[in-house]
Amino acid sequence: MLERLSFRHGVHPPDSKGLTATIPIRRMPFPDQIILPLRQHAGNPAKPLVRPGDHVERCDKVAEADGFVSVPIHSSGAGTVKAIQRWPHPDGSLSEAVIIDLDKYSPQLPRPRMVPHWEGLTPEEVIRAVQEAGVVGLGGAAFPTHVKLSPPKDVKLEFLLVNGVECEPYLTTDHRLMAERPERVHLGIRIMMKTLGVERCVVGVEKNKPDAIEALRRTAPDDLDVTIQPLTVKYPQGAEKMLIKAVTGREVPAGKLPMHVGVVVQNVGSLSAIAEVFDTGFPLVERVVTVTGPGVLKPANLIIPVGTRLREVLDYCGGLTDDVNEIVFGGPMMGFSQPDLDAPIIKGTTGIVALTKAQAHPETVYPCIKCGRCLDACPVFLNPSLLGILAQAGRYEEMAEHDLMTCMLCGCCSYVCPSNIPLSQMFALGKTMLRKTREKQQEKTAADDGKAA
Amino acid sequence: MDPLTLLSSVAILGGLGLTFGVLIAVSSAKLKVWEDPRIDAVNNLLPGVNCGACGYVGCLPFAEALIAGDAPPAQCTVMGPDETGDVADYLGVETGQVSQVVARLLCAGSAPVAPWKADYFGVESCAAAVAVGGGGKGCPWGCVGLDDCTVACDFDAIEMSPLGLPVVDPEKCTACNDCVEACPLDLFVLMPMDHHLIVQCKNLLDGEAATDVCAVACNACRRCVQDAEEGLISMQSNLAVIDYDNIAAQNEKAVERCPTNAIIWLEGAQFAEGVPGKSTDGAPPGAESLAMS
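Keeping their order, the protein sequence lines are chains A and B.
Residues 1 to 453 in the working numbering are what the first sequence spells out, letter by letter.
Residues 1 to 293 in the working numbering are what the second sequence spells out, letter by letter.
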């Protein structure tokens with residue numbers, strides 16, 4: 001039967017996954033120094049617990065969660081805290097980070113289990129343990145996983161949707177995880193389903209990963225209702241709302257969360273991290289990263305200790321070619337260009353893509369010719385052409401009226417624009433400006449209230 | 001046609017016109033509001049740009065304030081001495097003494113002294129570059145030089161120097177606040193010209209970490225804090241902060257031992273001798289030169 005499950009609109013960039021799709025995951029050696037930014041997740045930055053000069057063991061907590069939407073950070077190696085200072089962050093800023101000189105010749109031995117076995121735990125205890133282990137969504141946004149595991153009481157969940165789409169070109173971390181370690185993914189699904197109290201699970205995988213689909217089907221447990229659902233290849237199918245639309249046909253209303261249509265979405269990387277946390281008893285201190293792109297001499301899928309500097313990862317992969325022009329954390333569609341090779345790998349880093357001059361170069365921007373291709377590409381049905389004109393005029397409030405906040409910056413509009421207009425950057429700008437205005441307004445009302453009182 | 005119809009319509013319309021005319025004449029006399037004719041006259045003397053730099057919403061409210069004696073004519077920063085004199089003559093008052101306020105840039109990190117780590121390709125606007133991670137300038141607090149302020153300035157008072165720092169012409173600057181609002185990094189402040197002490201830096205790093213990203217950054221060495229009058233300068237988050245409420249105590253001694261020239265003694269225009277750093281004849285900045293888009 002011809003199944004053509006997908007969502008409407010979207011684009012078909014060349015998937016370019018061939019460079020690493022068949023390369024098994026292997027471990028990268030420990031670096032001499034790790035840099036652990038305190039802000040690696042959505043929500044409040046963690047609060048440091050260590051001081052310069054302290055010695056920490058591998059997996060020791062170096063920073064604790066600050067509030068509910070926050071997670072602790074653990075040392076990815078045994079060593080001595082050198083400093084807590086500002087350091088280049090993958091988002092381009094200089095942010096506070098704990099810098100640890102790792103012990104030379106340390107075996108970096110596993111330690112006694114820090115996380116309890118999950119079988120005997122109540123859902124609340126599992127959620128607590130997941131937060132304590134510092135688990136965040138490993139699909140890129142780094143949203144704390146325990147928050148997604150704690151839906152409000154009045155929401156009725158129907159099933160767990162597992163995101164194995166990996167629609168960004170070049171990236172193969174989730175692909176390799178599913179193909180090599182399907183049991184881990186299934187264990188993660190089991191823990192999640194029990195914690196959430198849902199009966200059904202659907203795993204969405206794009207059809208360009210037949211080996212992953214086959215591996216997941218082969219190892220699917222008999223006692224759980226788990227469906228592996230192949231999906232037509234299209235970008236941005238890995239976006240939560242697009243995936244829900246593709247698999248269930250349901251649309252998540254603007255401003256609502258997947259749980260409002262009875263679904264919780266988890267990335268396979270996060271599931272496998274949860275399984276690993278409970279299986280090994282270690283917190284999240286390493287992750288799988290695809291190092292790829294035509295600018296890298298030896299592309300690879302690597303398990304990298306969190307905090308390893310970009311420079312060292314590139315060196316380990318044989319270095320860069322001469323014509324490298326841009327290095328991106330994440331995929332080329334939504335990732336962040338890195339201005340600094342000293343930025344560390346953080347929990348949300350899915351891949352490192354080195355693009356050459358032929359792929360990433362400044363292009364002449366021409367005026368909008370109103371061709372409407374961006375409207376046909378936008379997966380959330382916005383009018384990028386109009387929004388772009390408003391952004392250029394600085395009319396940000398009007399952009400909000402045209403639902404700018406629904407935009408997830410997937411980059412489809414910029415990708416199809418024949419005039420090379422950097423639309424999604426304009427929308428990132430619009431969102432930033434709107435947030436600033438809101439903050440100013442709040443400050444003003446707070447000040448006025450203060451005066452009135 | 002019946003001549004009577006013709007006459008009667010003329011009579012009715014004429015009568016109506018007469019009645020309303022009388023009504024208008026009476027009400028105009030009864031309900032008359034007297035307005036000081038000087039307001040209009042003064043308003044005509046003012047520049048009429050409604051920039052708000054005087055502290056009033058526009059030129060008309062300022063004219064009212066002038067006539068009420070609430071503000072001296074010199075409070076308008078757009079007018080030159082001649083125009084201010086005209087207004088003062090008309091009103092028969094002194095021009096008043098208001099020290100001129102201009103926009104000052106709190107950054108001296110031009111391209112040669114504060115190198116870029118990567119080239120930036122994207123929307124040509126400071127705000128857009130800052131929205132995607134600062135665009136790649138080594139110092140994330142420093143001016144990215146993509147012309148948001150020069151575009152925002154209505155008076156042509158800001159010009160982008162070839163080394164990537166905006167230079168304000170105090171003659172043209174009216175302290176209207178537009179550049180202050182346009183700068184996404186909040187690098188512009190409005191400051192009276194007689195505040196000579198100024199820290200041209202917002203970098204929050206200290207020591208070599210600061211000077212690594214910019215040769216003219218404040219490296220938090222605290223020398224100016226010690227050399228200045230007690231309490232005038234304090235160190236806040238690794239940055240020397242001048243307490244402008246105590247500015248009367250300003251003294252050139254404070255800047256003498258600054259190792260990076262981050263704090264300077266300013267007379268007249270900023271960057272009057274050119275922005276820091278020698279021109280490198282358009283050689284692209286950036287050591288490793290990664291692209292950002």
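The beta carbon of each residue, even a glycine, is placed where N, CA and C say it ideally should be.
Asked, Found
"May I ask you to list, following chain order, the residues of the segment 81-113 of chain A that have a beta carbon less than 8 Å from some beta carbon of chain B?", "Q85, R86, D91, G92, S93, L94"
"Based on the DSSP output, what are the partners of D225 of chain A in its beta bridges?", "A:R200"
"Measure the CB-CB distance between T173 of chain A and V288 of chain A and report whether it falls below 7 Å.", "yes"
"Quick check: the Cα distance between P14 of chain A and P24 of chain A, rounded to an integer number of angstroms?", "22 Å"
"What does D340 of chain A touch in chain B if you count any residue whose Cβ is under 7 Å from its own?", "K117"
"Grouping DSSP H, G and I as helix and E and B as strand, with all else coil, what is G14 of chain B?", "helix"
"Relative to the C-alpha of Y56 of chain B, which residue among B:I24, B:T260, B:L45, B:T77 is closest?", "B:T77"
"Below 8 Å on the Cβ atoms is my contact criterion, and I expect R111 of chain A with R58 of chain A to pass it. Report the Cβ-Cβ distance as a whole number of Å.", "7 Å"
"Report all residues from its chain with a CB closer than 7 Å to the CB of G85 of chain B; omit the five preceding and five following residues, and keep chain order.", "T95"
"Please tell me whether A128 of chain B has its Cβ less than 7 Å away from any Cβ of chain A.", "yes"
"Thinking I189 of chain A and V162 of chain A are a contact (beta carbons under 8 Å), I'd like their distance in whole angstroms, please.", "6 Å"
"Taking the alpha-carbon of D101 of chain A as reference, which of A:A215, A:P31, A:K370, A:V365 has the nearest alpha-carbon?", "A:P31"
"For the alpha helix (DSSP H) that Y316 of chain A lies in, which residues bound it at each end?", "310-316"
"Counting contacts by CB-CB distance shorter than 7 Å, is G109 of chain B in contact with chain A?", "no"
"Can you give me the start and stop residues for the beta strand (DSSP E) that K507 of chain A sits inside?", "In the structure displayed, chain A extends from 1 to 453; residue 507 of chain A sits before or after that span and is not available."
"Taking 7 Å as the limit between beta carbons, can you name the residues of its chain near T280 of chain B, skipping five residues before and five after?", "Residue placement at T280 of chain B is flagged as unreliable, the pLDDT there being 44, under the threshold of 50; the coordinate-derived value follows with that caveat. Contacts found: P112."
"Considering just the uninterrupted stretch of the beta strand (DSSP E) at E326 of chain A, what are its terminal residues?", "324-329"
"With distances taken between CB atoms, is the gap from D89 of chain B to S125 of chain B smaller than 7 Å?", "no"
"Any beta carbon from chain B within less than 7 Å of P362 of chain A's own beta carbon?", "yes"
"When the Cβ atoms of the segment 149-161 of chain A are set against those of the segment 254-266 of chain A, are three or more pairs found closer than 8 Å?", "yes"
"DSSP three-state call for G268 of chain B: helix, strand or coil?", "coil"
"Excluding the 5 residues preceding and the 5 following V147 of chain A in the sequence, name in chain order all residues of the same chain whose CB lies nearer than 6 Å to its CB.", "V69"
"Are the Cβ atoms of E240 of chain A and P253 of chain A separated by less than 7 Å?", "no"
"Measuring CA to CA, which of B:T260, B:G80, B:C143, B:L23 is closest to P184 of chain B?", "B:C143"
"Give the residues of chain A in contact with A131 of chain B, contact being defined as C-beta atoms less than 7 Å apart.", "A428, L429, T432"
"What does a CB cutoff of less than 6 Å around S270 of chain A pick up in its chain, not counting 5 residues either side in sequence?", "G137, L138, T145"
"Please list, in chain order, the residues of the segment 165-194 of chain B that have any C-beta partner in chain A closer than 9 Å.", "P184"
"Quick one: list the residues of chain B neighbouring Q441 of chain A, beta-carbon separation under 9 Å, in chain order.", "Neighbours of Q441 of chain A on chain B: none; closest Cβ ~15 Å, over 9 Å."
"So which residues of chain A does G136 of chain B contact, with C-beta pairs closer than 7 Å?", "P339"
"Any beta carbon from chain B within less than 7 Å of M1 of chain A's own beta carbon?", "Low confidence applies here, because M1 of chain A scores a pLDDT of 37, under 50, leaving its location unreliable and the question unanswered by this model."
"Please report whether the beta-carbon of P367 of chain A lies at a distance below 7 Å from any beta-carbon of chain B.", "no"
"Measuring only the C-alpha atoms, how far is L197 of chain B from E401 of chain A?", "45 Å"
"With burial defined as no fewer than 16 other Cβ atoms inside 10 Å of the residue's Cβ, what is the status of D342 of chain A: buried or exposed?", "exposed"
"Using the C-alpha atoms, what's the distance from P116 of chain A back to D54 of chain A?", "27 Å"
"Going by DSSP, what residue range makes up the beta strand (DSSP E) through A300 of chain A?", "300-305"
"Would you call T349 of chain A buried or exposed, if buried means 16 or more other Cβ atoms sit within 10 Å of its Cβ?", "buried"
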